[in-house]
Amino acid sequence: MKIDKALWKREYDQAKWIVWIMPIAHFLALGGDRLKDWYLDKPESIRYRLENVHSYLDAYDYGDMELMARIGLMLMLFVLSLVQIGMERRNGGQEFLFSLPCTRTRIFWTKWLFGIALLTGSLVLNTAVDMAVVLGSPIAEHFRLWYHLDQFFFAWLSLAAVYAMFLFVGTISGSLASQAVFAALAPVLPFLIALLVRAGIAVHSDDAISLLPGADYILLFPVRYDYPEILGSGPFPWIFMAVCFVASTFGAMVAYRRTRAENSGKLVVFPLWERILQVGFVFCSALAGGTFVYAFFNASTVIMYYVGLALGTAISAWVIRQLLRLRLKI
Amino acid sequence: MLAVRHLHKSIDHRPVLKDVSFELRRGMVAGLIGRNGAGKTTLLKTMSGVFDPDTGDVLLDGESVYRRPEIKREIVLLPDNPEALYGYTAEECARLYALVYPRFDRAAFDEMIRRFGLPANRKIRQLSRGMKMLVSISLGIATRASYVLLDEPTNGIDPIAKQQVLSLLVEAVSEGTTLLIASHAMGDLERLSDMILLIRQGEVETHAMEDPSRGEAVKLQVVFDGEPPAAWLAGPQIMVLEHVGRVYTLLVSREDGDAKLEELKRMKPLVLEELPLGLEDLFVWKLGGRNDEDR
Chain A
34 MKIDKALWKR EYDQAKWIVW IMPIAHFLAL GGDRLKDWYL DKPESIRYRL ENVHSYLDAY
94 DYGDMELMAR IGLMLMLFVL SLVQIGMERR NGGQEFLFSL PCTRTRIFWT KWLFGIALLT
154 GSLVLNTAVD MAVVLGSPIA EHFRLWYHLD QFFFAWLSLA AVYAMFLFVG TISGSLASQA
214 VFAALAPVLP FLIALLVRAG IAVHSDDAIS LLPGADYILL FPVRYDYPEI LGSGPFPWIF
274 MAVCFVASTF GAMVAYRRTR AENSGKLVVF PLWERILQVG FVFCSALAGG TFVYAFFNAS
334 TVIMYYVGLA LGTAISAWVI RQLLRLRLKI
Chain B
-2 MLAVRHLHKS IDHRPVLKDV SFELRRGMVA GLIGRNGAGK TTLLKTMSGV FDPDTGDVLL
58 DGESVYRRPE IKREIVLLPD NPEALYGYTA EECARLYALV YPRFDRAAFD EMIRRFGLPA
118 NRKIRQLSRG MKMLVSISLG IATRASYVLL DEPTNGIDPI AKQQVLSLLV EAVSEGTTLL
178 IASHAMGDLE RLSDMILLIR QGEVETHAME DPSRGEAVKL QVVFDGEPPA AWLAGPQIMV
238 LEHVGRVYTL LVSREDGDAK LEELKRMKPL VLEELPLGLE DLFVWKLGGR NDEDR
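Chains as they are written, first to last, in our numbering: chain A, 34 to 363; chain B, -2 to 292.
Shown next as structure tokens:
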């Protein structure tokens, strides 16, 4: 339908520079980097590198290039989500879209599809280029099709999940600035909370800490895995990413449909999320306050931890109340 | 017909629209007036689906614009600043609008752009405020939508651009478009409107242009014989609009009957002349009291 064409055109118009930069940056981090290592470097460096290749893992550098490419793509998707949601809130684009003769659900799916299509396109193109580079290089004998496919699917799922989460955070955030902060925090928030909880428990009892899972396991996004980690981590990250992808997509769609445009400029647009933010902020700040005071005074008594906890609670409760009253222009 | 039914909208726990109901017939012009922050923009945005109402509905020929947003092809919102289109040229805007609105009249748009000497290939953000509004209104009219909602179309633009904007609006009306114009430009609304919607404390009152005060008030020019009656002038039913020398221009309420008028006649003023009551008088009468809750 023509309206879909209009929505796609609008998405492209506002994010066209990302459409071009993303595959190019992806190429520079993956195929281009491999091209440099195996074609463009000095012959003696290539020879030396080749002498140290004993397995396909050596040849593929343990997936380090794919890892860097995934990190780069994650940053691009972060920026894309800011452009699609936060910037639109700021420049009146969202109000323009909401006044058009189409449902908000339709607008949301256009945005989502645009990002997913861009990610898929960049991955397909650059995986193909990378395979061609490997096949034509001195490490061609170590070429493994399933290695490329593993990396492709892992990158697709982990980045689609992260992108959906960025969109979800965007739909509940009220401004560009708050979206940027919340989206940057979201992937590491479970890790930070786990760290603070562990520190709090360790203050009371060293024994209990051994019963808790390592904080690192809770770090959300396996975007940072190298190839041995992908192989060795079993089905958990795949399931986790799939669940995160579906839940974030659904959550973002519902939040976008119910967006309260009149609250644009606030930290978050929904009263429920305002309360969640308030409670979460105070909880984390209290734990951080306790940990900080306990460590700063090198305390031998747990009382100092509770002093910090109380201070953290009081200060953060005041700060978040002020922040929630703000209407940000950015 | 576009019918607004029992619309409620609260922002930050403050009711901005309270049980707002009115109807716009095809081909009419309605002016929307009210103090700053009274809720004019909120009403326009809620009617066009930008904001969700808390309760109530907006019906286009009996169908809800919230349940069937595709019928909004017949409703165009033109905000006071077309910021969302800043990255486009007028030419690109036309292409975008043509995809959204099936009856978009490209020839008419090109003609309007040419007539007003607007640059078709310069980004909207680079245009003057008047030019921005002209492009925006040209786009809105060229959609051939039946209802165009305009938020402060003549605010902050020079008199020549203002005349051009008004001429565009008059043309649109002559072609059967219904306009709802939120504005503080009372003179413009007086010339264009068939009906006035006055918004205060979240409620909307409807006033026909033939009798904007609905017989609730009368405007008088008075010259008193001797000392002006200070106590009478200070009464709640009297509003002094102007006082030059011995000449008073007054608004006298008739809400409680003609008692105050009779009192005035008994004072035997030297001059007692009824003046036509304009839109600005209505605005001042309704909203310009001790606070905007007065009448």
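Each residue gets a CB set at the ideal place from its N, CA and C atoms; glycine is no exception.
Span of the beta strand (DSSP E) around residue i
i: A194/A; result: Where A194/A is concerned, there is no enclosing beta strand (DSSP E), although the alpha helix (DSSP H) it sits in stretches over 178 to 205.
i: V340/A; result: That residue, V340/A, is in no beta strand (DSSP E); its alpha helix (DSSP H) goes 336 to 358.
i: Q218/B; result: 214 to 220
i: I54/A; result: Where I54/A is concerned, there is no enclosing beta strand (DSSP E), although the alpha helix (DSSP H) it sits in stretches over 35 to 62.
i: P12/B; result: 11 to 21
i: A205/B; result: 200 to 205
i: H5/B; result: -1 to 8
i: V326/A; result: V326/A -> not in any beta strand (DSSP E); alpha helix (DSSP H) instead, spanning 304 to 329.
i: I363/A; result: Counting along the chain, I363/A falls outside any beta strand (DSSP E), and DSSP gives it neither H nor E.
i: I370/A; result: The requested residue 370/A does not occur in the structure, where chain A is confined to residues 34 to 363.
i: Y144/B; result: 144 to 148
i: I235/B; result: 235 to 241
Distance between beta carbons of residue j and residue i, contact taken as under 8 Å
i: I178/B; j: P150/B; result: 6 Å
i: S114/A; j: L200/A; result: 5 Å
i: L361/A; j: E307/A; result: About 14 Å separates the two Cβ atoms, so there is no contact after all.
i: D74/A; j: M98/A; result: Going by Cβ atoms, the distance from D74/A to M98/A rounds to 14 Å, so no, they are not a contact pair.
i: L14/B; j: G36/B; result: 6 Å
i: V308/B; j: L133/A; result: Past the edges of chain B, shown from -2 to 292, lies residue 308/B, and the structure says nothing about it.
i: L93/B; j: F113/B; result: Not confirmed; about 20 Å, so no contact.
i: L152/A; j: A193/A; result: 6 Å
i: G96/A; j: I263/A; result: 7 Å
i: R139/A; j: Y289/A; result: The Cβ separation is near 10 Å, so there is no contact.
i: E80/B; j: L57/B; result: Actually they do not touch by this definition, with Cβ atoms about 26 Å apart.
Boundaries of the alpha helix (DSSP H) in which residue i is found, first to last residue
i: V125/B; result: Looking at the sequence provided, one finds Ser at residue 125/B rather than Val. Element bounds for S125/B: n/a, residue is neither H nor E.
i: I110/B; result: 103 to 112
i: T292/A; result: T292/A -> no alpha helix (DSSP H), and no H or E assigned at all.
i: D97/A; result: 97 to 114
i: G265/A; result: 260 to 265
i: A213/A; result: 209 to 218
i: T43/B; result: 37 to 44
i: G233/A; result: 222 to 237
i: S333/A; result: S333/A -> no alpha helix (DSSP H), and no H or E assigned at all.
i: D54/B; result: No alpha helix (DSSP H) contains D54/B, which is instead part of the beta strand (DSSP E) from 52 to 57.
i: V97/B; result: 87 to 97
i: Y72/A; result: Note, Y72/A: premise wrong, no alpha helix (DSSP H); not H, not E.
i: G126/A; result: 126 to 131
Cβ neighbour criterion (16 or more within 10 Å) applied to residue i
i: S30/A; result: The first residue shown for chain A is 34 and the last is 363, placing residue 30/A beyond what the model contains.
i: Q160/B; result: exposed
i: K69/A; result: exposed
i: K38/A; result: exposed
i: A173/A; result: exposed
i: M34/A; result: exposed
i: T175/B; result: buried
i: G322/A; result: buried
i: V26/B; result: buried
i: F269/A; result: exposed
i: R123/A; result: buried
i: W179/A; result: exposed
i: R64/B; result: exposed
i: P99/B; result: exposed
i: E60/B; result: exposed
i: D278/B; result: buried
i: L141/B; result: Reading off the sequence shown, one finds Arg at residue 141/B, where the question assumed Leu. The residue in question, R141/B, is buried, as its Cβ has 16 or more Cβ neighbours within 10 Å.
Nonlocal neighbours in the same chain, by C-beta distance under 7 Å from residue i, ignoring five residues either side
i: F215/A; result: V202, S206
i: V162/A; result: F60, G64
i: L217/B; result: L247, V249, L269, E270, E271, L272
i: K6/B; result: V13, L14, T39, T43, F48, P50, D51
i: Y81/A; result: none
i: A182/B; result: T151
i: K42/A; result: none
i: R111/B; result: none
Other residues of its chain near residue i: CB distance less than 6 Å, five sequence neighbours each side excluded
i: L267/B; result: V220, D222
i: L147/B; result: L75, I178
i: G125/A; result: none
i: S211/A; result: L300
i: H294/B; result: Any property of residue 294/B remains undetermined from this structure, which presents chain B solely from -2 to 292.
i: E202/B; result: L195
Same chain, Cβ closer than 8 Å to residue i, five either side skipped, listed in chain order
i: T346/A; result: V315, S318, A319, G322
i: S88/A; result: H175
i: F147/A; result: W41, E44, Y45, A48, Q117
Mind listing, in chain order, the continuous alpha helix (DSSP H) runs of no fewer than 4 residues lying wholly within the segment 152 to 196 of chain B? 156 to 171, 183 to 189
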